[in-house]
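**Q**
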Amino acid sequence: MPEPETIWIIGASEGIGAALARDWAQRGARVILSARSQDRLDVLAAELGSVHIPLALDVSDRSSINEAAVRISKIGALDRIVHLAAIYDPGKIADLDPEKAMQIVTTNLTGSFHVAQVGPTLLKDGGQLALCGSVAGYIGLPQGQIYSATKAGVINLAESLRAELSGRVDVRLINPGFVDTRLTQRNDFRMPAMVTPQRAATAIIDGLCSRRFEVHFPRRLTWGLKLLSALPYWAAMPLTKRLTQ
Ligand SMILES: NC(=O)c1ccc[n+]([C@@H]2O[C@H](COP(=O)([O-])OP(=O)(O)OC[C@H]3O[C@@H](n4cnc5c(N)ncnc54)[C@H](OP(=O)(O)O)[C@@H]3O)[C@@H](O)[C@H]2O)c1
Numbered sequence: 001m002p003e004p005e006t007i008w009i010i011g012a013s014e015g016i017g018a019a020l021a022r023d024w025a026q027r028g029a030r031v032i033l034s035a036r037s038q039d040r041l042d043v044l045a046a047e048l049g050s051v052h053i054p055l056a057l058d059v060s061d062r063s064s065i066n067e068a069a070v071r072i073s074k075i076g077a078l079d080r081i082v083h084l085a086a087i088y089d090p091g092k093i094a095d096l097d098p099e100k101a102m103q104i105v106t107t108n109l110t111g112s113f114h115v116a117q118v119g120p121t122l123l124k125d126g127g128q129l130a131l132c133g134s135v136a137g138y139i140g141l142p143q144g145q146i147y148s149a150t151k152a153g154v155i156n157l158a159e160s161l162r163a164e165l166s167g168r169v170d171v172r173l174i175n176p177g178f179v180d181t182r183l184t185q186r187n188d189f190r191m192p193a194m195v196t197p198q199r200a201a202t203a204i205i206d207g208l209c210s211r212r213f214e215v216h217f218p219r220r221l222t223w224g225l226k227l228l229s230a231l232p233y234w235a236a237m238p239l240t241k242r243l244t245q
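Residue 158 in the working numbering sits at position 158 of the sequence shown; the count goes up by one each step and never skips.
(1) Is Ala-77 helix, strand or coil by DSSP?
(2) Distance, Cα to Cα, Ala-193 vs Lys-74?
(3) In angstroms with no decimal places, state the Cα-to-Cα distance between Ala-86 and Asp-58.
(4) Can you tell me the Cα-Cα spacing of Tyr-138 and Ser-229, whole angstroms?
(5) Under 7 Å from any heavy atom of ligand 1, does the C-beta of Val-115 make it?
(6) Report the residue from Asn-187, Ser-13, Gln-143 and Asp-170 whose alpha carbon sits nearest the alpha carbon of Gly-207.
(7) Taking C-beta to C-beta, are Leu-33 and Ala-46 nearer than 8 Å?
(8) Hey, would you say Thr-181 sits closer than 8 Å to Ile-16, going by beta carbons?
(9) Which word fits Ala-77, buried or exposed, when buried means at least 16 other C-beta atoms lie within 10 angstroms of its C-beta?
(10) For the alpha helix (DSSP H) that contains Gly-15, what are its first and last residues?
(11) I need the DSSP call for Glu-159, collapsed to helix, strand or coil.
(12) Within the present structure, is the beta-carbon of Arg-40 separated from the nearest heavy atom of ligand 1 by less than 7 Å?
(13) Of all the beta strand (DSSP E) runs that stay within the bounds of the segment 203 to 241, which reach a length of 3 or more residues?
(14) What is the rounded straight-line gap between the Cα of Phe-113 and the Cα of Leu-157?
(15) On the criterion of 16 or more Cβ atoms from any shown chain inside 10 Å, does Ser-160 qualify as buried, or is it exposed?
(16) Would you mind reading off the limits of the alpha helix (DSSP H) that contains Arg-40?
(17) Give the secondary structure of Val-82 by DSSP, where H, G and I count as helix, E and B as strand, and everything else as coil.
(18) Report the rounded CA-to-CA distance for Glu-5 versus Gln-26, giving the unit in angstroms.
(19) Terminal residues of the continuous alpha helix (DSSP H) containing Gly-115?
(20) With DSSP collapsed to three states, give me the class of Leu-123.
(21) Relative to the C-alpha of Ala-149, which candidate in Thr-106, Asp-79 and Val-43 has its C-alpha closest?
(22) Just to confirm, are Arg-172 and Phe-217 a CB contact at a threshold of 8 Å?
(23) Provide the residue span of the beta strand (DSSP E) that contains Ile-9, from first to last.
(24) Bridge partners for Ala-130 per DSSP, in chain order?
(25) Do Gly-119 and Ile-174 have their C-beta atoms within less than 8 Å of each other?
(26) Cα-Cα, which of Arg-242, Ile-155 and Arg-30 is closest to Val-255?
Structure follows, in structure tokens:
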């Protein structure tokens, strides 16, 4: 029998991360659950069982990540780290509060950088580090605002890490389409091909257990957007403009 995996999920208190924690725990993994809300992590850990570990942190605060890393290094080397923590504030760029915009960049992009720097030191040789982008990072869309720009940055970061850590760390990129979580519940536009967090969790586990660098789903949405982003700007821009008209 292989040893059960130890997996650190960052952004585990809600949405996709909580569904992923439930699914992986059911498959026998030991899960370290991180997010800012200690109370929600405690409730989830109690639901999943005593081998699972709630560990609150704030990805935008490097000292908080460093403290978590010290605690994890005492637990033992990790098989996987899945970093999902992000925040979102829908609206047009002109309407976005600059403080909030800075918080989005610090959480989504700088937070991914912190995890990319600290994470590899906690992994077993050949262990997996997955960062979460979004289809919103494929190409700039009207009303995409600063969230999409951070996700484009995370995609770029994962690509460069994949090359830089090749042979030592199995770097992966997760690009979900629309998933029904508190994040998308704030949108007031039509979201095609929306999936549940449970469907997203299954797609992520299947993808991370395959050999593909990018885990993207649902494919009926992601392939269309990939095609759009591969077009020359003169062809893509008129199409992206029409997407929100
Ligand atoms: N839902 C979608 O349609 C969709 C589509 C594409 C990509 N994604 C990406 O998928 C990931 C998960 O999204 P979701 O929809 O599951 O969102 P969610 O339900 O809002 O969950 C986000 C998680 O991140 C945690 N988090 C936020 N800020 C944090 C911080 N500073 N430090 C530590 N943890 C923090 C939250 O917990 P606390 O609030 O307790 O900290 C929560 O556990 C995100 O990276 C998101 O960008 C989602």
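Here a beta-carbon is modelled for each residue, glycine too, at the ideal position from N, C-alpha and C.
**A** Well, looking at it:
(1) Residue 77 sits at position 77 when you count from the first residue of the sequence shown. Coil at Ala-77, not helix or strand.
(2) Translated into the one-based positions of the sequence shown, residue 193 becomes position 193. Translated into the one-based positions of the sequence shown, residue 74 becomes position 74. Straight-line Cα distance between these residues: approximately 42 Å.
(3) The count along the sequence shown starts at 1 and reaches residue 86 at position 86. The count along the sequence shown starts at 1 and reaches residue 58 at position 58. Going by the C-alpha atoms only, they are around 11 Å apart.
(4) Residue numbering aside, residue 138 sits at position 138 when the sequence shown is read from its first letter. Residue numbering aside, residue 229 sits at position 229 when the sequence shown is read from its first letter. When rounded, the distance between both Cα atoms is 6 Å.
(5) Within the sequence shown, the letter at position 115 stands for residue 115. For ligand 1, not one heavy atom lies less than 7 Å from the Cβ of Val-115.
(6) Position 207 of the sequence shown holds residue 207. Of Asn-187, Ser-13, Gln-143 and Asp-170, the residue nearest in Cα terms is Asp-170.
(7) Reading the sequence shown from its first residue, position 33 is the one you call residue 33. Reading the sequence shown from its first residue, position 46 is the one you call residue 46. Taking 8 Å as the Cβ cut-off, Leu-33 and Ala-46 do not qualify as a contacting pair.
(8) In the sequence shown, the residue the question calls residue 181 occupies position 181. In the sequence shown, the residue the question calls residue 16 occupies position 16. The answer is yes: Cβ separation under 8 Å.
(9) Working through the sequence shown from its first residue, we reach residue 77 at position 77. Classification for Ala-77: exposed.
(10) Taking the first residue of the sequence shown as 1, we reach residue 15 at position 15. 15 to 26 is the span of the alpha helix (DSSP H), which, as asked, contains Gly-15.
(11) As a position in the sequence shown, residue 159 is number 159, starting the count at 1. In this structure, Glu-159 counts as helix in the three-state DSSP scheme.
(12) Indexing the sequence shown from 1 puts residue 40 at position 40. Under cutoff, so the answer is yes.
(13) With a minimum length of 3 residues, the continuous beta strand (DSSP E) runs that stay inside the segment 203 to 241 are 214 to 217.
(14) Reading the sequence shown from its first residue, position 113 is the one you call residue 113. Reading the sequence shown from its first residue, position 157 is the one you call residue 157. In a straight line, the C-alpha of Phe-113 is about 8 Å away from that of Leu-157.
(15) Taking the sequence shown and counting its residues from 1, one reaches residue 160 at position 160. So Ser-160 counts as exposed.
(16) Your numbering for residue 40 matches position 40 in the sequence shown. Where Arg-40 is concerned, the enclosing alpha helix (DSSP H) starts and stops at 38 to 48.
(17) On the sequence shown, residue 82 is found 82 positions in, with the first residue counted as 1. If DSSP states are grouped into helix, strand and coil, Val-82 belongs with the strands.
(18) In the sequence shown, counting from the first residue as 1, residue 5 sits at position 5. In the sequence shown, counting from the first residue as 1, residue 26 sits at position 26. Those two C-alpha atoms are separated by around 12 Å.
(19) Residue mapping note: residue 115 aligns to position 115 of the sequence shown, counting from 1. In the sequence under discussion, the amino acid at residue 115 is Val, which differs from the Gly named in the question. Note, Val-115: alpha helix (DSSP H), 111 to 118.
(20) Position 123 of the sequence shown, counted from the start, is the residue given in the question as residue 123. Leu-123: strand per DSSP, three-state reduction.
(21) Your numbering for residue 149 matches position 149 in the sequence shown. It is Thr-106 whose Cα lies nearest to the Cα of Ala-149.
(22) To locate residue 172, count along the sequence shown from 1; it is residue 172. To locate residue 217, count along the sequence shown from 1; it is residue 217. Remark: C-beta atoms of Arg-172 and Phe-217 do not approach each other more closely than 8 Å.
(23) In the sequence shown, counting from the first residue as 1, residue 9 sits at position 9. It spans 6 to 10 - the beta strand (DSSP E) in which Ile-9 sits, taken as one unbroken run.
(24) Within the sequence shown, numbered from 1, the residue matching residue 130 stands at position 130. Val-82 and Arg-172.
(25) Start at 1 with the first residue of the sequence shown, and residue 119 comes out as number 119. Start at 1 with the first residue of the sequence shown, and residue 174 comes out as number 174. Contact flag unset, no.
(26) The shown model of the chain, from 1 to 245, leaves out residue 255, and the question about it has no answer.
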